[in-house]
Amino acid sequence: MTRQLDVVVVGAGFAGLYALHKLRAQGLAVQAFEAADDVGGVWHWNRYPGARCDVESLQYSYSFDDALQQEWVWSERYAQQGEILAYLHHVADRFELRPLISFGTRVTSAHFDAALDRWHVTTDRGDAVTARFCIMASGSLSASRLPDIPGIETFAGQILHTGAWPHHGADFAGKSVAVIGTGSSGVQAIPQIARSAERLVVLQRTPNFVVPARNQPLSDEKQTAWKGAYADYRAQARQVGTLYDFSQTPALSVSADAREAEYRRRWELGGVNFVHAFSDIMTDLAANQTAADFVHARIRELVDDPETAEKLCPRGYPLGAKRICVGSDYYETYNRPNVSLVDLQLDPITMIDAHSIHTSEAVLPVDVIVCATGYDALTGALAQIDIRGRSGAALSAKWADGPRNYLGLMTADFPNMFVVTGPGSPSVLVNMVVGIEQHIDWIAGCIHHLAQTGATRIEPEPEAEDAWVQQVNDAAESTLFVQANSWYLGANIPGKPRVFMPFVGGIGRYRAICDAVAASGYAGFQIANGD
Ligand code: FAD
Ligand code: NAP
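Numbering (our numbering) for the sequence shown: 182 to 712.
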């Protein structure tokens, strides 16, 4: 018999786990499906060497349970993948969430039955459930992508993707390894692979700005001090995402020496904080160029070979408009005798055969190809599910020209379906755990409101959705973010519509908008009782 639930959750990463905990506490019958064989989401899948968070561990963690945040001990400023995964396993066990999750089970379809106001959900293992509500906690960076390079399927060696790394690890000793891709994943993996491989060739299409992490063990003093003030820090994070040192000073309002000193100070401290050195780095091209020039100078200082250094210098797009990367020994790695760099803008890949990567200039024999080639971000996981709304139309058809939704949370014609930290919300632009908690809390409040009022259906009004899409676009247009070919815009996926997907207005402003909508009785939504 088809199982009847109140809520079905797709995914058991940070978002799915918190959704299960929160909604079960509201007395709801809730179940999750997870394609992986355990919890953790990206931290389950991304086991590549060097994988770690780049928001500090003390901040990249749940705030919903004080005992949890007091008792969990982080060992480093930026925790490694294994430690974050252990934390998520601990959360699943501590809150007894595993019995609510079907592992190794991929949701294949979700169809809304307008007569019953219920979602019918099916999986690749033959499950069929119905639920009043469907929560897509399927991840913004979970649909990994291998590059479309002619002949890649004929390669006789090992092909790995950073986002689907083998659980038993990979042994590079004595091997010739190629890494394709120099985004955050490539930047973290390259120095580690260089240490164990016999030879490493990095194939770079677009250089990225890489700031040093300055990772270090977390001292007891710092951890104790943070835990003592967690309530205050978490309250601040709810407004800003991550507690960076946000400057209010425009870059060109100070002398060149003062600017240099401030960049230098932040460079030495390490981390994404660098981007917040001046207030206008992401809105004023001239200000941005001062930060870019500083990084170029560091690259020339750190990389011995001037030609390699020039190839590594990002040009033609503003710093930060593609996600800034945080690395450890990244530029220094190019000084190793076993590492070489191919600039694909000058010398593109033409094909792959059984044993080599061919570029227009050379044939590179390799044993292993590591694809750090990224994701079909924000919409990719949703596109892999056959989602059909009230009218029977497919979500993929509705979003063919780019995602459309209201508050990033719900989309018209798809009642009772919530998307967590997807397009139209601050999503990947902020500390995502903060965004996830905000979304799940709002969704839980919304479901509670419907139960209280006896309503069975909620869906955005088309006008509210149009206005929100406009607001998201306008916010992006006022920044430099739109001036790069980034995955924020879908530019990494051939044929994907070029739309800046996240909301750049900040988590504080976004939270206030969402809270005001809820407080007004869900303005912009149609609420109905279909019984
Ligand atoms: P995910 O962790 O992606 O979990 C989604 C889950 O849904 C996956 O386990 C997937 O298997 C499952 N799923 C998807 N589709 C289906 C389906 N159809 N059926 C069943 N299951 C499905 N963010 C930060 O803020 N700071 C960081 O430092 C940071 N570091 C990152 C490092 C890496 C390597 C990556 C890839 C991302 C990083 N992120 C970071 C972003 C990260 O996506 C979020 O921080 C967060 O982990 C997302 O959690 P989630 O639960 O929303 O999604
Ligand atoms: P990414 O940022 O999309 O980088 C992919 C890289 O592969 C880019 O350099 C891209 O070049 C290149 N590429 C893609 N297709 C290619 C092709 N066909 N030929 C040659 N090169 C190709 O993906 P990612 O590095 O996995 O990171 C994705 C996001 O995950 C990050 O931005 C971040 O939000 C998160 N993340 C965070 C961390 C962390 O430090 N905590 C670590 C990993 C990931 P182009 O730029 O030219 O497209």
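Every residue, glycine too, gets a C-beta built ideally from N, C-alpha and C.
Check your understanding: Looking only at C-alpha atoms, which of His202, Leu341 and Val600 sits nearest to Asp246?
Key -> Ranking His202, Leu341 and Val600 by Cα distance to Asp246 puts His202 first.
**Study point:** Leu266 to Trp224 span [Cα, whole Å]
**Key:** Distance between the alpha carbons of Leu266 and Trp224 is about 5 Å.
Exercise for review: Tell me whether the beta-carbon of Val220 lies closer than 8 Å to the beta-carbon of Ala193.
Suggested key: Yes, Cβ-Cβ distance for Val220 and Ala193 is below 8 Å.
Check your understanding: Between which two residues does the beta strand (DSSP E) carrying Thr304 extend?
Key -> For Thr304, the enclosing beta strand (DSSP E) has its first and last residue at Arg299 to Thr304.
Point to revise | For Tyr229 and Trp346, the rounded distance between their alpha carbons | key: Cα to Cα, Trp346 sits roughly 6 Å from Tyr229.
Practice item. Compare the C-alpha of Ala418 against each of Gly705, Ser701, Arg690 and Gly702 and name the closest. Key: The option with the nearest alpha carbon to Ala418 is Arg690.
Review point. Can you give the beta carbon distance from Ala295 to Arg571, rounded, assuming they're within the 8 Å contact cut?
Key: Sure, about 5 Å apart at Cβ, within 8 Å.
Check your understanding: Sorry if obvious, but does the Cβ on Gln369 come closer than 7 Å to a heavy atom of the ligand NAP?
Key -> Within the cutoff, so yes.
Check your understanding: In terms of alpha-carbon separation, which member of Val663, Gln565 and Ala578 lies closest to Met317?
Key -> With distances taken between CA atoms, Met317 lies nearest to Gln565 out of Val663, Gln565 and Ala578.
**Study point:** Spatial distance of His342 from Asn227 (CA atoms)
**Key:** The C-alpha of His342 lies about 9 Å from the C-alpha of Asn227.
**Study point:** Which of helix, strand or coil DSSP assigns to Asp567
**Key:** The three-state secondary structure of Asp567, taken from DSSP, is strand.
Check your understanding: Which stretch, first to last residue, makes up the alpha helix (DSSP H) that contains Ile694?
Key -> For Ile694, the enclosing alpha helix (DSSP H) stretches over residues Ile688 to Ala700.
Exercise for review: Kindly list the residues whose CB is nearer than 7 Å to the CB of Val288, restricted to its own chain and excluding five residues on each side of it in sequence; keep chain order.
Suggested key: If you ignore the 5 residues before and after Val288, its C-beta comes within less than 7 Å of the C-beta of Val191, Phe214, Val302, Thr304 and Ile566, all in its own chain and listed in chain order.
Check your understanding: Helix or strand or just coil, what does DSSP make of Asp187?
Key -> In the three-state scheme derived from DSSP, where H, G and I count as helix and E and B as strand, Asp187 is classed as strand.
Point to revise | Presumed contact (8 Å Cβ cut-off) between Thr554 and Pro388, rounded CB distance | key: In this structure, Thr554 and Pro388 do not form a Cβ contact; the two beta carbons are roughly 15 Å apart against a cut-off of 8 Å.
Check your understanding: Can we count Ile566 as close to the ligand FAD, meaning its CB is less than 7 Å from some heavy atom?
Key -> Yes, since a heavy atom of the ligand FAD falls inside the 7 Å radius drawn around the Cβ of Ile566.
Review point. Can you tell me whether DSSP reads Pro398 as helix, strand or coil?
Key: Strand at Pro398.
Check your understanding: Is it the case that the CB of Val507 approaches a heavy atom of the ligand NAP more closely than 7 Å?
Key -> With a cutoff of 7 Å, Val507 counts as near the ligand NAP, since its C-beta is closer than that to a heavy atom of the ligand.
Check your understanding: DSSP three-state call for His349: helix, strand or coil?
Key -> In the structure shown, His349 sits in coil (DSSP, three-state: anything other than H, G, I, E or B).
Practice item. Give the straight-line distance between the Cα atoms of Ala337 and Asn673, rounded to the nearest whole angstrom. Key: CA-to-CA, the gap between Ala337 and Asn673 works out to about 26 Å.
Check your understanding: Nearest-angstrom Cα distance between Phe595 and Ala648?
Key -> One C-alpha to the other measures close to 18 Å.
Practice item. Using beta-carbon positions only, say whether Gly671 and Lys677 come within less than 8 Å of one another. Key: Their beta carbons are under 8 Å apart, which means Gly671 touches Lys677 by this criterion.
Check your understanding: Got a sec? Which residues, its chain only, sit under 6 Å from Val391 by beta carbon, not counting five neighbours each side?
Key -> Taking Val391 as the centre and dropping the five residues before and after it, the same chain places the C-beta of Val368, Cys506, Gly508 and Tyr511 closer than 6 Å to its C-beta, in chain order.
Practice item. Pick helix, strand or coil for Met182, following the three-state DSSP scheme. Key: Coil.
**Study point:** Contacts around Gly635, its chain only, beta-carbon distance under 7 Å, and the 5 residues preceding and following it disregarded
**Key:** If we look at Gly635 and ignore the five residues flanking it on each side, its Cβ neighbours are Asn710.
Exercise for review: Would you mind working out which of Ala442, Thr423, Tyr425 and Leu424 sits nearest Ala432, comparing C-alpha positions?
Suggested key: Taking only the C-alpha atoms, the option nearest Ala432 is Ala442.
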